[in-house]
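These notes are about the structure you will find just below.
In the working numbering, the protein residues as written are 1086 to 1138.
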């Protein structure tokens, strides 16, 4: 189960993933590929963990 502190990372990855699906359905394959990659990196990265807002 995800910790409550991961909400920012999970929401960022979810928004990027949803936008990637939208761009893929429209036909912008390059942008959707970049967004899927960014969502993957964001969800597995530890770079956002130290951020406390």
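Ideal placement from N, C-alpha and C gives every residue a C-beta, glycine not left out.
These numbers were taken from a predicted model, which means no experiment stands behind them.
For residue i, which option in the options has the closest C-alpha, if you only look at C-alpha atoms?
i            : options                : result
residue 1121 : 1093, 1129, 1091, 1101 : 1101
residue 1104 : 1126, 1118, 1092, 1093 : 1118
Would you decide whether residue i is buried or exposed? Buried here means 16 or more other CB atoms lie within 10 Å of its CB.
i            : result
residue 1098 : buried
In angstroms, rounded to a whole number, what distance separates the CA positions of residue i and residue j?
i            : j            : result
residue 1113 : residue 1123 : 16 angstroms
Sequence ranges, alpha helix (DSSP H) only - wholly within the region 1098 to 1129, length at least 4:
Whole alpha helix (DSSP H) segments, 4+ residues: 1114 to 1129.
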